[in-house]
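A short worksheet on the structure shown next.
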Amino acid sequence: MHWKHELIARVNQRAHAAAVAAPAAAEWPSITADNAEYRHVQVAGTLLLDRSTLVQASTHLGPGFWVMTPLQTASGDIVLVNRGYIADRKAGTGSGTAPAAVSGLLRMSQPDGDLLRKNDPAGQRWYSRDVQAIAAAQGLARVAPYFIDADASPAPQAGQPVGGLTVIAFRDNHLVYALTWYALALMIIGRTWQITRKTRRNLAE
Numbered sequence: 002m003h004w005k006h007e008l009i010a011r012v013n014q015r016a017h018a019a020a021v022a023a024p025a026a027a028e029w030p031s032i033t034a035d036n037a038e039y040r041h042v043q044v045a046g047t048l049l050l051d052r053s054t055l056v057q058a059s060t061h062l063g064p065g066f067w068v069m070t071p072l073q074t075a076s077g078d079i080v081l082v083n084r085g086y087i088a089d090r091k092a093g094t095g096s097g098t099a100p101a102a103v104s105g106l107l108r109m110s111q112p113d114g115d116l117l118r119k120n121d122p123a124g125q126r127w128y129s130r131d132v133q134a135i136a137a138a139q140g141l142a143r144v145a146p147y148f149i150d151a152d153a154s155p156a157p158q159a160g161q162p163v164g165g166l167t168v169i170a171f172r173d174n175h176l177v178y179a180l181t182w183y184a185l186a187l188m189i190i191g192r193t194w195q196i197t198r199k200t201r202r203n204l205a206e
């Protein structure tokens, strides 16, 4: 568990550090979850509001959607920005373009969907923030392999996405394995009990 404590400390340090420049295109091939996820970054450019994507979200504010909006930098590269949470799809994502300077936490792409549902680009039903699939659906090129969870706005406006809701979580593989083996043990015990009971009935007859 020592390694996990070190990981938590390292990630907390990244998340609470001063924001640094988001990785540029030359750095994209070397980005991994281990060396970059939850890094506090900043990027400036133009938000392409008309090409936003809504991804289903579950937060402490309730169910709703993440507003994923492409930001085009001065070099022409695209970084997807999770501008934050909205409760209702009808709230909209904005229109046109808007200059923006965004700071937030670097997150790795979440391919395919969630555990129960696959993303459905054709039906515009998204359950995970799959950077490559969202980029393809929106016809975007030169897209960073990560997205940015925007920080909370210091002056939030009504009707605007609520940022700063990132939950930093670590999967406990030991617990997963323990629960798996526990479930298997219960299944074996249950099956053994059924066989024993059936055998006793047959002998009694």
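For reference, each letter of the sequence shown is one residue, going 2 to 206 in my numbering.
Glycine is no exception: its CB is placed at the ideal position from the N, C-alpha and C atoms.
Source: prediction; values computed, not measured.
Under DSSP, Trp67 takes part in a beta bridge, and its partners are Val56 and Tyr86. Excluding the 5 residues flanking it on each side, Arg130 has same chain C-beta neighbours closer than 8 Å at Val56, Trp67, Met69, Leu81, Asn83, Arg108, Ser110, Gln111 and Phe148, in chain order.
Residues Ala23, Pro24, Ala26, Trp29, Asp78, Ile79, Val80, Leu81 and Val132 of the same chain have their beta carbon placed closer than 8 Å to that of Ala145, with the five preceding and five following residues left out of the count.
If only complete runs of 4 or more residues are kept, the stretch 129-161 shows the alpha helix (DSSP H) at 132-139, in order along the chain.
Between Leu72 and Val44 the beta-carbon gap is near 6 Å, inside 8 Å, which marks them as a contact. In this structure, DSSP gives Ser31 a helical state, which the three-state scheme calls helix. Take Asp150, set aside five residues on each side of it, and the residues of its chain with a beta-carbon closer than 6 Å to its own are Asn83, Gly105, Leu106, Arg108 and Thr167, in chain order. The beta carbon of Ala101 sits closer than 6 Å to the beta carbons of Leu48 from its chain, once the five residues preceding and following it are set aside; these are given in chain order.
The alpha-carbon separation between Pro157 and Val163 amounts to approximately 7 Å. Pairing Ala19 with Arg40 gives a Cβ-Cβ distance that is not under 9 Å.
Counting the other CB atoms within 10 Å of its CB gives Ile169 a total below 16, which places it among the exposed residues. In the three-state scheme derived from DSSP, where H, G and I count as helix and E and B as strand, Asp121 is classed as strand. Following the DSSP letters along the chain, one finds Leu116 in no beta strand (DSSP E), marked with neither H nor E.
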